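> Residue numbers (our numbering): 12 to 191.
#1: Measure the CB-CB distance between residue 138 and residue 128 and report whether it falls below 7 Å.
#2: Which residues share a DSSP beta bridge with residue 83?
#3: Spatial neighbours of residue 175 within its chain, please: C-beta separation below 8 Å, excluding the five flanking residues on both sides.
#4: So residue 66 is in the beta strand (DSSP E); what residue range does that whole segment cover?
#5: List the whole-angstrom C-beta distance separating residue 89 from residue 182, where the pair is believed to meet the contact cut-off of C-beta under 8 Å.
#6: Assuming residue 180 and residue 105 are in contact, meaning their beta carbons sit under 8 Å apart, how far apart are those beta carbons, in whole angstroms?
#7: Can the beta-carbon of residue 15 be found less than 7 Å from the beta-carbon of residue 36?
#8: Quick check: the Cα distance between residue 57 and residue 161, rounded to an integer number of angstroms?
#9: Please state the DSSP three-state secondary structure of residue 26.
#10: Out of 12, 17, 13 and 21, state which residue places its alpha-carbon closest to the alpha-carbon of residue 145.
#11: Among 85, 159 and 147, which residue has its Cα nearest to the Cα of residue 165?
#12: Are the CB atoms of residue 54 and residue 190 within a distance shorter than 7 Å?
#13: Taking the beta carbon of residue 49 as the centre, do at least 16 other beta carbons fall within 10 Å, making it buried, or is it exposed?
#14: Checking 7 Å against the spacing of the C-beta atoms, do residue 19 and residue 67 come in under that value?
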């Protein structure tokens with residue numbers, strides 16, 4: 012048979028390949044139909060019966076008969092290109108307001124844009140230029156090129172941090188997102 016699996020781009024890029032490998036090894040007669048996309052849209056597909064499994068962060072927990080299991084929590088951090096030469100120390104929206112921000116979780120997301128705007132509002136600052144992008148890879152590229160700053164998955168980006176292509180922006184704001 013066919014197993015229709017929806018996953019966020021973060022899942023697809025990070026541990027999706029290992030999952031596919033394990034499923035195909037254990038169930039060689041199962042055909043995987045993978046859909047990578049924005050969590051809100053994938054959730055709609057799950058609720059409407061277009062997907063059998065969804066691996067993505069969701070803010071709104073769907074009602075039964077959909078069963079939910081936690082896959083763990085992913086920590087996110089503000090990041091920038093070292094070429095931007097941001098000030099040292101803990102930064103607030105007052106220091107970040109001049110930089111364009113990229114939000115990689117898509118136009119329909121409730122998570123990052125809302126939290127970013129709320130944090131900026133706490134300091135009496137509005138988010139300036141906001142690029143909304145539904146691709147994690149593109150968002151990372153915009154940030155490594157110094158076009159924007161943004162919130163990215165910390166562990167996934169560690170190789171780019173070690174290579175000097177990204178740097179963590181120290182802020183008091185902590186982002187953790189549960190994946191279900």
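Just so you know, even glycine gets a beta-carbon here, dropped at the ideal spot from N, CA and C. Small disclaimer: the values here were computed from a predicted structure and weren't measured.
On the basis of the coordinates in this document:
#1: With respect to the 7 Å criterion, residue 138 and residue 128 are classified as neighbours on the basis of their beta carbons.
#2: According to DSSP, which records beta bridges pairwise, residue 83 is partnered with 190.
#3: Cβ within range, chain order: 93.
#4: Segment 64-66, the beta strand (DSSP E) holding residue 66.
#5: Between residue 89 and residue 182 a beta carbon distance of about 5 Å is seen, short of the 8 Å cut, so the two are scored as contacting.
#6: About 13 Å; that fails the 8 Å criterion.
#7: For the pair residue 15 and residue 36, the CB atoms are not nearer than the 7 Å cut-off.
#8: A straight-line Cα-Cα distance of about 29 Å links residue 57 and residue 161.
#9: The answer is coil: DSSP assigns residue 26 none of H, G, I, E or B.
#10: Taking residue 145 as reference, the option from 12, 17, 13 and 21 with the minimal CA-CA separation is 21.
#11: Here the closest residue by C-alpha is 85.
#12: Cβ distance not < 7 Å, so residue 190 and residue 54 don't count as in contact.
#13: Counting Cβ neighbours within 10 Å, residue 49 comes out buried, since at least 16 surround it.
#14: Taking C-beta atoms as the reference points, residue 19 and residue 67 count as a pair closer than 7 Å.
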